[in-house]
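Have a look at the structure below, then the notes.
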Amino acid sequence: MRASLSAGEAGRIDFGGVVGFQRLGPIVCRIALGPPLSVEIAECSLCSGGALGSAHAARSEGRSVLLILTAQRVALLALDRDLAQLQAGSRTAFFNAIAVTHEPVWPPAPFEPGSLDWAAKNLAHDPQGEGWYGWAILANEGERAPPRLVGIAALIGRPDDVGDVELAFGLLPEFRGRGFGAETVRTLVAWGFENGARRVVVHLDAEDAGAAHTLTKSGFADTGEQEYPGVARWALSAAG
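Under this note's numbering, the sequence shown has 122 at position 124, and the numbering climbs by one with no breaks.
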């Protein structure tokens, strides 16, 4: 990371050619995907490689933190309370806030506008829940400016009592079938396991061969259960 902004400053952050986000006063944790199904903190202007919990300590001191996961082809930005409210209220304001190309259709299927309201409401009630209610997926295209949004993903709430959490993702049509979905799934599964989830569950249309292929590449297996007609249940459990 070449620069960070102190509280009260505004500008563009250079993530070493990954992506840049324009926010007021952020302190940025950049987290890179390590070996399969593991996450390590690569750089952090706040905690210098310390625990993820340092982000919560920063919030208690009134500082703003952006959580970003970077992989080879995608960068994932966890929605915080403010970004979730922007996305639910004004698509244009949301695109401007994260300094990306404006997309004519948002959110991509299978997400609907109501899902954006859901994320905003949950983060309003759980403001330290970044990562559990929504992620913006961006193409990791080096120096391209502004970056392109690839899609949106969500771990649908914190893990339940047995450690299960549900994952959903949707890509804009031009990014489907190109490996972006598989990389997004692997990255979010790794983050979920690192943060207390024991199993990640995905529900999808039983006839969606493309999504099924993505999940298979990411280590998921069809459980054979159908909670709803025509909806398959896939799952991946943490090692050990």
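Where is the CB? At the ideal position from N, CA and C, for every residue including glycine.
Please read these numbers as outputs of a predicted model, since none were measured by experiment.
Opening and closing residue of the beta strand (DSSP E) in which W232 lies: Stepping through the sequence shown from its first residue, residue 232 is reached at position 234. Counting along the chain, the beta strand (DSSP E) containing W232 begins and ends at 229 to 235.
Cβ-Cβ distance between L65 and L75 below 9 Å: Locating residue 65 in the sequence shown gives position 67, counting from the first residue. Locating residue 75 in the sequence shown gives position 77, counting from the first residue. The answer is yes: Cβ separation under 9 Å.
Range covered by the beta strand (DSSP E) that runs through H242: Residue numbering for the chain in the displayed model covers -1 to 238; residue 242 lies beyond these limits and cannot be assessed.
Own chain residues within Cβ distance below 8 Å of G168, not counting five before or after: Position 170 of the sequence shown, counted from the first residue, corresponds to residue 168. In chain order, P105, P106, A107, P108, F109, G149, I150, A151 place their CB closer than 8 Å to the CB of G168, counting only its own chain and leaving out the 5 sequence neighbours on each side.
Where the beta strand (DSSP E) containing A134 begins and where it ends: The sequence position of residue 134 within the sequence shown is 136, counting from 1. Annotation: the continuous beta strand (DSSP E) that includes A134 extends over 133 to 137.
Contact under 9 Å by Cβ, W232 with L186: Within the sequence shown, numbered from 1, the residue matching residue 232 stands at position 234. Within the sequence shown, numbered from 1, the residue matching residue 186 stands at position 188. Their beta carbons are not under 9 Å apart, which means W232 does not touch L186 by this criterion.
Per-residue DSSP class, three states only, for E75: Stepping through the sequence shown from its first residue, residue 75 is reached at position 77. Note that residue 75 corresponds to Leu in the displayed sequence, not to Glu. It is a strand residue.
T99 to A137 span [Cα, whole Å]: Counted from its first residue, the sequence shown places residue 99 at position 101. Counted from its first residue, the sequence shown places residue 137 at position 139. Counting only the Cα atoms, A137 lies some 11 Å from T99.
Short Cβ contact (9 Å threshold) for I147 with I154: Counting from one through the sequence shown, the residue named residue 147 turns up at place 149. Counting from one through the sequence shown, the residue named residue 154 turns up at place 156. Correcting the residue type first, residue 147 is Leu in the shown sequence and not Ile. It is not a contact, given that the beta carbons lie outside the stated cut-off.
For G129 and A95, the rounded distance between their alpha carbons: Numbered from its first residue, the sequence shown carries residue 95 at position 97. Numbered from its first residue, the sequence shown carries residue 129 at position 131. So the alpha carbons of these two residues sit roughly 18 Å apart.
Of the residues L81, A188, A204, R184, the one placed nearest P227, counting alpha carbons only: In the sequence shown, residue 227 corresponds to position 229, counting from 1. P227 has its Cα closest to that of A204, out of L81, A188, A204, R184.
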